[in-house]
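In what follows, a single structure is set out as structure tokens and then discussed.
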Amino acid sequence: MKPGGKKKVITLSSLKLRPDTVNQDSVNFLKKLQTINKRTSVGDSANMVIVETKPFVSPQQVIKGMIPGVIVNENTYEPGREQSLLVRGLKSPLIYKSDLHNQQPLYILDGIPLIGDHPFVYDIKKYDNINIGPATNQFATSDMDNIKSIEVIKDPAILAQYGPLATNGVLLITTKKAVVGDRQISINSFLGSSLIESITPVNGDYENRFRSQFYAKYATSAQKLNYAGYLRDSTNTDYYGPTNWHKAYYDNSLTHNVNLSITGGSERANFKFYGGVNSLPGSAESTKLDRYNGVFYINMVPFKWLSLASMVNVTRLDRDRNKSFRDRYNETGYLPDVTTPLPPGGSVYQGFLNEYQKVIDNNINNMTKGYISLNFDILKNLSYKTQFSFDYNQSIRDVFWPTTLMETINFVSNYFGYNQRFNLTNRLNYKIDLTSNHSLSFDLGHVYWADKNKYNYATAYDGPSDFIKVNVVQGNASEGGYLSPVGFMTYRYTDDIEHKLSSFFGNVKYTYKDFLDINYTLRTDGSSNRTPDKRWYISSGLSAELDLLSFVKPSDNLNKLRLGASFARIGETFLTDQYAYGPQYRTDLGWDKEPNMISYNGFATVSRPYTMGWASWTSCSGN
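FYI, full-length UniProt numbering numbers position 178 of the sequence shown as 178, with every residue one higher than the one before it.
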């Protein structure tokens, strides 16, 4: 745009094409370009207007309390922390943290089925309240300002079309694509604040008066002798003095977001670049999430029978975690003496924070995802679409806690893991209009998934000093004991798992005007996590939807009233490959204090690390 000129945005409705310069094919090109990846709504949609006024971090936060039948749980105040989402409640009891992980929906970003952490990250520690990696929300990869829509699919018949990974529901996330017309440059910024809430802290005197009334009425003599020692002495100013710890614990913080968008294109091709930087601090314990996101889109129609769409999304998440005792001791697998809590005085708590200056706690996620899609218009009503997509997440966590925070024993751990998914989808579609009111649509297709989850994890205790924060090994690789640690008690863990899924499906849809829709899906899925004799599973789904507005008088206050019914039988894959090796027996060779340490009569041995057995006829799982 020239200086002082007026920006002109070209849309399909306003574009004027001269007959002597542009033929009808160009108009068709433009229409096709604007409908690449276009999809009608099949679920409950979130109101994205709210994103313009609130600094949401993740899609879970956007739909929280907005869509019926969806429960979003945020365990802490920390920005970027893992969040759970349940669609239509629980399907099985929650005994371990991994059980909650197994009931999360499938996230699909612009047609890319996203992959997150595998639940085996909870298997190392005896206490599984949090996993061993950075524990960051890996679905918070996109700036919410670049999100066009978020839909939750709960309909069983529609879920049957997405296959066994969608048994817990589907979250469809669609970003804002490029626009056709003159080049547009947009810069947006957001600045907000997180203020300290008004609180009334208490000291030992308050707690002592609260406890004493119950001890006086119900406690035995032995229980009275075991009364909390830190409450016995009212002259102890650490517990009975001023309570101003909250001044160091809470802090006013600024939230800011800056993003840049460049988009434009012609009748045959368009592009868009989007880049954003978010800093989202919490109001307590100096927690924070920094997100750096860049997305690039290219859409082309090189021929009237061929259209192409592509996207690459790169994200980095850097999270400052809390200083919770629970998370720290879960990581170390160590339970200290907690009979004497941290005093509520500000000076003592500030001394604790000063010791945290020696701590290292880096939590980093690097993520790359993208797709390339080709659509061929073979005949007038026959089209073929193929799409290849990938999602790669890399997780890094480096930790060091000094002796002053660990009762004279320091601790160091290092975690590196990644999750990757490759997806290839081929779909053939044929549409036929029987009459002006009746139409049929047929889909045949094949989907191939290839997942891999891997991590390397090492912990070390009791180092020679707080100045040595790494696991030092002997320097000569040609000598024996090269990997023997110097001054550390070291433990190493490594695991990886692969899963392949191949699916064939067919779908037929009948439509009568805008009045009646009937959908039927038949699908068969083969999983590498099942035994070879029971590897394939057949599922199906049937749904019907009726527009009730055809029977009532139109009203300005009622614009949509539809009645639907659906039924589906959907197979569910196993998340581990242990079942693919055939029947196994239950074995308990581990130490009950640390179940992951396998031994036989006190001697280390090679053993399958599965504590639950199964019979071959139970390998078929379905909902």
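Note that beta-carbon positions come from the ideal geometry of N, C-alpha and C, so glycine has one too.
Residues 72, 74 and 83 of the same chain have their beta carbon placed closer than 8 angstroms to that of residue 61, with the five preceding and five following residues left out of the count.
It is roughly 44 angstroms from the alpha-carbon of residue 166 to the alpha-carbon of residue 199. Taken atom to atom, the span from the alpha-carbon of residue 137 to that of residue 80 is near 6 angstroms.
Under a 10 Å Cβ-count criterion, residue 177 is classified as buried, with 16 or more other Cβ atoms of the shown protein chains found around its own Cβ. Rounded to whole angstroms, the separation of the alpha carbons of residue 370 and residue 157 is 27 angstroms.
Contact between the stretch 444-458 and the stretch 489-509 is established, with three or more Cβ pairs separated by less than 8 angstroms. Here residue 563 is exposed: its Cβ has fewer than 16 other Cβ atoms, across all protein chains shown, within 10 Å. Assignment of beta-bridge partners to residue 420 by DSSP yields 392 and 452.
DSSP, reduced to helix, strand and coil, places residue 438 within a strand of the structure shown. In this structure, the straight-line span from the alpha carbon of residue 293 to that of residue 305 is close to 34 angstroms.
Residue 284 is bridged by DSSP to 250. Beta-bridge partners assigned by DSSP to residue 313: 295 and 369. Residue 364 is not a Cβ neighbour of residue 388, given a cutoff of 8 angstroms.
The residues 252, in chain order, have a CB closer than 6 angstroms to that of residue 195 in the same chain once the five nearest residues on each side in sequence are set aside. Residue 452 and residue 523 have their C-alpha atoms some 24 angstroms from each other. DSSP, read as helix, strand or coil, puts residue 467 in coil.
Residue 88 holds the alpha-carbon nearest to the alpha-carbon of residue 153 among 92, 130, 88 and 279.
DSSP, reduced to helix, strand and coil, places residue 427 within a strand of the structure shown. For residue 299, the CB contacts under 8 angstroms within the same chain, skipping 5 residues up- and downstream, are 33, 36, 177, 178, 265, 269, 270, 271, 307, 308, 309 and 310 in chain order. With contacts defined as CB atoms closer than 8 angstroms, residue 287 and residue 316 fail to qualify as a contacting pair. Here DSSP, grouped into helix, strand and coil, assigns residue 138 to coil.
Contact between residue 323 and residue 355 is ruled out by a C-beta separation of about 10 angstroms, above the 8 angstroms threshold. In the DSSP assignment, residue 237 falls within the alpha helix (DSSP H) that extends over 237-240.
In this structure the stretch 225-241 touches the stretch 341-351; the number of beta carbon pairs closer than 8 angstroms is three or more. Under the three-state reduction of DSSP output, residue 509 falls in the strand class. Closest option to residue 503, judged by alpha-carbon separation, among 151, 518 and 540: 540. The criterion of a C-beta distance shorter than 8 angstroms is satisfied by residue 416 and residue 455.
Between residue 410 and residue 466, the CB-CB gap stays under 8 angstroms.
Counting only residues of its own chain and dropping the five nearest sequence neighbours on each side, residue 419 has a CB closer than 6 angstroms to the CB of 115, 393 and 453. Here residue 571 carries a strand assignment [DSSP, helix/strand/coil]. Its Cα nearest to that of residue 359, the residue 402 stands out among 64, 402 and 168. With 16 or more other Cβ atoms inside 10 Å of its own Cβ, residue 117 counts as buried. A direct Cα-Cα distance of roughly 11 angstroms separates residue 290 from residue 140. Distances from the alpha-carbon of residue 422 to those of 367, 450, 398 and 399 put 450 closest. For residue 529, the CB contacts under 8 angstroms within the same chain, skipping 5 residues up- and downstream, are 499, 573, 574, 575, 576, 577, 579 and 580 in chain order. Taking residue 430 as the centre and dropping the five residues before and after it, the same chain places the C-beta of 381, 382 and 442 closer than 7 angstroms to its C-beta, in chain order.
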